[in-house]
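Residue numbers (full-length UniProt numbering): 1 to 113.
Dropping the structure here:
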């Protein structure tokens, strides 16, 4: 219990030096998972912010849908708890933006009649 949190320069339980990254808690780099987490977060923020404006429903619904799908795939291949936490926050913001965008006009509202 006393070794729950280790400093960045210490060795991990596998004997490899820790990377010092916030997201790579197992001491290994995960570039694909980190990129998916960042993309999901950016799309979630975009969907959430644009959902507050009724006339931006196309952006919020599409960004939310892509953010949800990206986050779900990121969850599928994630390795660490920090990656999963970041993905869940991004998926939540994407879902709120997607649902509000769908309520304001949907994916094709006004474009296809």
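In this text, a Cβ means the ideal position worked out from N, Cα and C, and glycines have one as well.
Contact the region 65-72 vs the region 86-103: 3+ CB pairs below 8 Å: Touching, yes, given that three or more Cβ pairs across the two stretches are closer than 8 Å.
Where residue 48 falls, given that 16 or more other Cβ within 10 Å makes a residue buried: Residue 48 comes out buried.
Local conformation of residue 84 per DSSP, three classes: If DSSP states are grouped into helix, strand and coil, residue 84 belongs with the helices.
Helix, strand or coil at residue 30 [DSSP, three-state]: Coil.
Close beta carbons around residue 89, own chain, < 8 Å, minus the five adjacent residues each side: Counting only residues of its own chain and dropping the five nearest sequence neighbours on each side, residue 89 has a CB closer than 8 Å to the CB of 41, 44.
Exposure of residue 81, with buried meaning 16 or more beta-carbon neighbours within 10 Å: Residue burial annotation: residue 81 is exposed, with fewer than 16 other C-beta atoms found within 10 angstroms of its C-beta.
Candidates 39, 91, 85, 62, of which the one nearest residue 105 by Cα: Residue 105 has its Cα closest to that of 62, out of 39, 91, 85, 62.
Nearest-angstrom Cα separation, counted from residue 100 out to residue 52: One Cα belongs to residue 52, the other to residue 100, and the distance between them is close to 8 Å.
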